[in-house]
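A short worksheet on the structure shown next.
Numbering (the numbering used here), first residue to last: 2 to 410.
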């Protein structure tokens, strides 16, 4: 969840692995080595009742979770191998303990504290000084006086128990504002406070049992819904799992260990692979790049910024020192592929890998753990991606241990 968030083996695989990857039905953990999808112990396609046995005993209504998981994997054409099922089970258990709309301890108190300390900052940050300042002032007034002083939105906010409570309350507030607030006297311009601003200012940005970004679900909608309908769907057991499984499994990466996919789920697709590129650049240059998995700079809407990142500057310097001919335009074009598997085919990626091998006499590792801080009001302290991925990986290994005890049926 994000309630006013502060932010938001190794080496190249052998050709045979590439062939197996193409042939694999799974879009999930396809890799060579000990975790191969094709090891003899894991050839079996799990049935619904077997999936149920891989779900932790503490989960309520395991049959229902197993049925939905099985149906979704069929819908998305994801092979129901032990590894793929345990990958999904581990993330759901980490994010929600198999509760579609989990309660968050102390959420009301934290939500009110965020409003009291960071309200104007958030509005001006999202909307700019000119528009953000007057709307923040009006929002605060509405929060304290509507729908009545005795049962104000602020008092209701202090009683919320779940993300959905916060989400629905903010939608009600902005719905009220859209009907009563149209013109900002400070800007002298007509400013309709509609769903677009309400969506931008809604502090709940990740929803459901697998904590999926609303924006991701919007980009991959299977049915036509407006944003409020989509938010409601994400709070359902099936909807939260559908988009969470889509986000977790529907991209190919040659990770030899599932922990890197778990890291990606927290810090972004291909963050583990991209962090390896950054680490290689630190070896090849005098740079001290953060291993955050972002090779370019992005704004709050995840649009690429025109300014060069430290990673882009380091690559330009490396290529110049080694006589690599590439235009700034081509380099930028290559780096824009960083959220896709195609980045591995670009001149930039292949050249960095070649220079790394020449200097170290070793192949560039395919992935390393990204170093990204996780912070937010619902956390008692800051954590990092390694902490998150390690926790999920522990759940994955527990699930795989249960899978070993599955009997033929």
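C-beta: ideal position from N, C-alpha, C; glycine also.
Being a predicted model, the structure only gives us computed values, none of them experimental.
- Contact annotation: residue 292 and residue 266 have beta-carbon atoms that are not nearer than 8 Å.
- Under the DSSP definition of a beta bridge, residue 375 partners with 384.
- Of all C-beta pairs linking the stretch 105–112 to the stretch 150–163, three or more are shorter than 8 Å, placing the two stretches in contact.
- As the crow flies, the alpha-carbon of residue 198 is around 11 Å from that of residue 171.
- For residue 358, the closest alpha carbon among the candidates 285, 348, 406 and 393 is that of 285.
- If you check the CB distance, residue 92 and residue 70 do not come in under 8 Å.
- Under the 10 Å beta carbon count, residue 324 is surrounded by fewer than 16 other beta carbons and is classified as exposed.
- In chain order, 327, 331 and 335 place their CB closer than 8 Å to the CB of residue 348, counting only its own chain and leaving out the 5 sequence neighbours on each side.
- One thing to note: residue 299 has its Cβ no nearer than 8 Å to the Cβ of residue 309.
- Residue 213 has 208 as its beta-bridge partners, per DSSP.
- For residue 163, the three-state secondary structure derived from DSSP is strand.
- Linking residue 205 to residue 212 through their CA atoms gives a straight-line distance of about 10 Å.
- Pairing residue 210 with residue 96 gives a Cβ-Cβ distance under 8 Å.
- Taken through DSSP and simplified to helix, strand or coil, residue 305 comes out as strand.
- Beta-bridge analysis with DSSP links residue 104 to 163.
- In this structure, residue 368 lies near residue 277, with their beta-carbon atoms less than 8 Å apart.
- In this structure, the beta-carbon distance from residue 200 to residue 228 falls below 8 Å.
- Taken through DSSP and simplified to helix, strand or coil, residue 299 comes out as strand.
- In this structure the stretch 237–245 does not touch the stretch 338–357; the number of beta carbon pairs closer than 8 Å is below three.
- Distance from the CA of residue 237 to the CA of residue 260, rounded to the nearest whole angstrom, comes to 27 Å.
- In the DSSP assignment, residue 352 falls within the alpha helix (DSSP H) that extends over 348–361.
- About 17 Å separates the CB atoms of residue 353 and residue 254; that is not less than 8 Å, and the two are not in contact.
- For residue 131, the enclosing alpha helix (DSSP H) starts and ends at 130–146.
- Residue 58 sits in coil when the DSSP states are folded into three classes, being neither helix nor strand.
- In the structure shown, the three-state DSSP call for residue 225 is coil.
- With respect to the 8 Å criterion, residue 154 and residue 143 are classified as neighbours on the basis of their beta carbons.
- Looking only at 137, 174 and 139, the smallest Cα-Cα distance to residue 148 is reached by 174.
- Judged by DSSP secondary structure, residue 263 falls within the alpha helix (DSSP H) whose first and last residues are 259–268.
- Here residue 374 is exposed. Its C-beta has fewer than 16 other C-beta atoms within 10 Å.
- In this structure residue 371 touches residue 272 by the C-beta definition: roughly 4 Å separates them, less than 8 Å.
- One alpha carbon belongs to residue 234, the other to residue 47, and they sit about 27 Å apart.
- Under the 10 Å beta carbon count, residue 104 is surrounded by fewer than 16 other beta carbons and is classified as exposed.
- By the CB criterion at 8 Å, residue 222 and residue 231 fall inside the cutoff.
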